[in-house]
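In what follows, a single structure is set out as structure tokens and then discussed.
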Amino acid sequence: MTTITRFAPSPTGRLHVGNIRTALHNWMLAQKASQDGGSGKFMLRIDDTDPERSKDEYTHAIRADLAWLGMHPDGEERQSQRLAHYEEAFQKLVDAGRVYRAYETAQELDLKRKVQLGRGKPPIYDRAALDLNDADHAAKQAEGIAPHWRFKLDHASPIAWEDGVRGSQKFDPATLSDPVIRRADGSWLYMLPSAVDDVEMGITDVLRGEDHVSNTAVQVQMFEAMNAAPPRFAHEALLTGKEGKLSKRLGSLGCDTFRERDIEPQAIIALLARLGTSQPVEPVADTAVLVDTFDLSTFGRAPAKFDDADLERINTALVHQMEYAAVKDRLPKAMGEEAWHAVRPNLDSVSGAHAYWKIVTGPINLPEFSDEDRAYLAQAATVLSWGDDPWGALTSALKGSTGRTGKGLFLPLRQALTGQDHGPDMGELLPVLGEDTARRRLERASSSC
Ligand code: GLU
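Going from the sequence shown to our numbering is simple: count from 1 and add 369.
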């Protein structure tokens, strides 16, 4: 079976975590279909019918962000290049009597809504324009007033679908306004082009935020009016900040910020893949595992709460697992695999390796040592020998000869060798420093004052 999903951002800004999550889930749905032996495709559809607000720079940024996250679309469409398709579908709907002309201004509609609300009625468009006759339309035209166009919902045909997340959904079309689908200047609103594209791109699964549920109700009738079977729908609960709202901060939190903070794309994937589901959010390094366990039935109805602390935690845990080959290009040139393994457990992010590498290359700043410690370090310099485990050999020799234990045994050595009180495991770091540097540092510390 073929599964074709799509991510349909409007290029009116950068992607934020909420969009990224929607993209990811669509990508995973397609990946899962391929993994299960069927075929899966993930399409990028740029919803750029609004020429005022859509910008090419955002389209480029969307592509770049998806690529950075490892989600490579199997195809791309841009709505601005498909206007002829919308025109054609529109004309068919006009001919079938499923769209009609209306002239109310925004103020008039607003007033109607206020009156309805004042009477305790739901603010649904009253279809007054359906009563206009040819002469009324001609009069408007003579006045130079162009119509906008509404899709006429079929009140006799109840709307229902089985939602992948929300279960059985039912809408009485009479409780919905006939949506405006085209403005008086001929430009398109979201509703019809999206349905046309979903049909023509063969989209089998539309997975999007629950803010689109009422759009889906309308679009179900649009698909039917176009003689097309609606795709499967699933609406996921929205992403909110941990305080429970989609904050302004979250709305602008995107890949740029993540890159600046040196967050691994995999950390974002691992977090967003399962956030809001009943599955544990874990630092999963292998995306195939996330795809394998991806399951819409585990998605909850409550908002998914995004917490930066979770992202940091997952990022840190993933960095600790990263192989040298995967990070090599982002490390100091001379930093080899042994050094990466030595510092990796101490890092919150890959870029933190640069600071640790400075410990290896020096110069390092030494603390002030007591006379006793200087004598101890002088002895360390003479005892130092280079075998498989120079740190183990050094410390056990010193322990035997000086009787020192614990902090007294280790801390002066660490300070002399690294200039720091804390840091990577010395057993791993000492071989990276090398015998000459280690001896030189111990000698220098022993004669420091
Ligand atoms: N451009 C719409 C949005 O960003 C797409 C919604 C959809 O997935 O159909 O909300």
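Each residue gets a CB set at the ideal place from its N, CA and C atoms; glycine is no exception.
Going by beta-carbon coordinates alone, are residue i and residue j separated by less than 8 Å?
i           : j           : result
residue 894 : residue 811 : Nothing in the structure corresponds to residue 894, since the chain is present only between 370 and 818.
residue 427 : residue 387 : no
residue 545 : residue 493 : yes
residue 523 : residue 542 : yes
residue 784 : residue 753 : no
residue 397 : residue 658 : no
residue 385 : residue 718 : no
residue 605 : residue 576 : yes
residue 650 : residue 665 : no
residue 517 : residue 551 : yes
residue 578 : residue 373 : no
residue 443 : residue 412 : yes
residue 467 : residue 520 : yes
residue 594 : residue 716 : no
residue 607 : residue 672 : yes
residue 609 : residue 675 : yes
Out of the options, which one is the CA nearest neighbour of residue i?
i           : options               : result
residue 405 : 604, 465 and 371      : 371
residue 566 : 607, 785 and 453      : 453
residue 534 : 717, 394 and 802      : 394
residue 808 : 792, 762, 774 and 747 : 747
residue 730 : 704, 738 and 743      : 704
residue 776 : 389, 790 and 796      : 790
residue 725 : 636, 795 and 390      : 795
residue 392 : 403, 401, 378 and 402 : 378
residue 414 : 446, 485 and 434      : 446
residue 573 : 376, 793 and 797      : 376
residue 652 : 630, 671 and 681      : 681
residue 438 : 508, 637 and 799      : 637
residue 469 : 503, 722, 728 and 693 : 503
residue 616 : 697, 451, 416 and 677 : 677
residue 819 : 815, 422, 757 and 793 : Outside the shown range of the chain, which is 370 to 818, sits residue 819, and nothing can be said about it.
Identify the continuous alpha helix (DSSP H) that holds residue i and give its terminal residues.
i           : result
residue 471 : No alpha helix (DSSP H) holds residue 471; the beta strand (DSSP E) holding it covers 468-471.
residue 451 : Neither: residue 451 is in no alpha helix (DSSP H) and is coded neither H nor E.
residue 386 : 386-404
residue 579 : No alpha helix (DSSP H) holds residue 579; DSSP gives it neither H nor E.
residue 799 : 795-802
residue 629 : 624-629
residue 727 : 722-730
residue 683 : 677-688
residue 761 : 759-771
residue 569 : 560-569
residue 638 : 634-643
residue 742 : 740-752
residue 663 : From DSSP, residue 663 is part of no alpha helix (DSSP H); its letter is neither H nor E.
residue 737 : Residue 737 -> no alpha helix (DSSP H), and no H or E assigned at all.
What does a CB cutoff of less than 7 Å around residue i pick up in its chain, not counting 5 residues either side in sequence?
i           : result
residue 647 : 667 and 669
residue 599 : 530, 589 and 592
residue 581 : 604
residue 781 : 738, 742, 745 and 746
To which residues does DSSP link residue i through a beta bridge?
i           : result
residue 536 : 532
residue 317 : The requested residue 317 is not part of the displayed model; the chain covers only 370 to 818.
residue 557 : 551
residue 674 : 609
residue 825 : No answer is possible for residue 825: the residues shown for the chain start at 370 and end at 818.
Within its chain, find whatever has a CB closer than 6 Å to the CB of residue i; leave out the 5 residues flanking it on each side and keep chain order.
i           : result
residue 479 : none
At what residues does the beta strand (DSSP E) containing residue i begin and finish?
i           : result
residue 410 : 408-415
residue 374 : 371-376
residue 518 : 517-520
residue 446 : 444-447
residue 875 : An answer regarding residue 875 cannot be provided, because it is not within the stretch 370 to 818 covered by the chain.
Using a Cβ cut-off of 8 Å (strictly closer), state whether residue i contacts chain C.
i           : result
residue 508 : Although the question refers to chain C, the structure presented lacks it and comprises just one protein chain.
Give me, in chain order, the residues of the same chain whose beta-carbon lies closer than 8 Å to that of residue i; leave out the 5 immediate sequence neighbours on both sides.
i           : result
residue 770 : 748 and 752
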